[in-house]
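Numbering (this note's numbering), first residue to last: 4 to 232. By construction, the Cβ of each residue, glycine as well, lies at the ideal position given by its N, Cα and C atoms. Inspection log for the structure reproduced underneath, given as structure tokens.
Written out as structure tokens, the structure is:
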């Protein structure tokens, strides 16, 4: 096990390991214990009492964070020529079709979100091996396959994110930056958590949210008091 640096020890010492923190307390604390000399991302990890191997216990959804993510999300709109103008107007960073399909086939994936239209999905199928592992394959369930391209691009730019429980039963999501004030982090995290609570599968038995933690890119994690959520 790697030894902790002096700063890491100081940060760890500020966390009471016998205590669970309210969301507001944890949001303030994670700002205090972040060591990074850059504007680190703040993440929430929630362990769910579901079996993601079963289709009827899969938890997946989208949420628009009230204060955005603090990240400049790079959006590629793969659309037909008649939709290019509205995609550009909404703020898409890259707009086009065949030329970008060729670039992706060659290995280019320098974007965060891809938005497309139902008619184009057939062309994206063969690129699943490239896009799938990177979480870039558009999906109607997350609103990234739609005829309303303008709305979809605008929502992603404004802070809409998608999340999905992983194979270990955990949902990970970035909910802001350390530069956000604690109240904004609290409100963003609460919006995500409440959305996940509403998505509880009927097939899931027992405790749904087992534990939840908040941390930044280079900070220890702070356990949340589930009663405060």
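What are the boundary residues of the alpha helix (DSSP H) that includes residue 180? DSSP places residue 180 in no alpha helix (DSSP H) but in the uninterrupted beta strand (DSSP E) bounded by 173-180.
State the CB to CB distance for the pair residue 311 and residue 179, rounded to an integer number of angstroms; the pair is presumed to be in contact (CB under 8 Å). Here the chain covers residues 4 to 232 and nothing more, so residue 311 does not appear.
Ordered along the chain, which non-local residues of its own chain (more than five positions away) have a Cβ less than 6 Å from that of residue 167? Hits under 6 Å: 63.
Distance check for residue 139 and residue 4, CA to CA, integer angstroms please. A caution first: residue 4 carries a pLDDT of 45, below 50, which makes its placement in the model unreliable, though a value can still be read off. If I take the Cα positions, the gap works out to 34 Å.
Can you look up residue 4 in the DSSP assignment and give me helix, strand or coil? Bear in mind that the predicted position of residue 4 carries a pLDDT of just 45, short of 50, making it unreliable; the figure below should be weighed with that in mind. When secondary structure is reduced to three states using DSSP, residue 4 falls in the coil class, being assigned neither helix nor strand.
Same chain, Cβ closer than 8 Å to residue 97, neighbours up to 5 away in sequence not counted: Cβ neighbours of residue 97 beyond the five flanking positions: 77, 78, 79, 80, 103 and 114.
Residue 144 versus residue 13: straight-line alpha-carbon distance, rounded: So the alpha carbons of these two residues sit roughly 43 Å apart.
Could you pull the start and end residues of the alpha helix (DSSP H) that residue 199 belongs to? Taken as a continuous stretch (DSSP letters only), the alpha helix (DSSP H) holding residue 199 covers 185-201.
Which residues bound the beta strand (DSSP E) around residue 42? Run containing residue 42: none; DSSP gives neither H nor E here.
Whole angstroms are fine: how far does the CA of residue 155 sit from the CA of residue 217? For residue 217 and residue 155, the distance between alpha carbons rounds to 28 Å.
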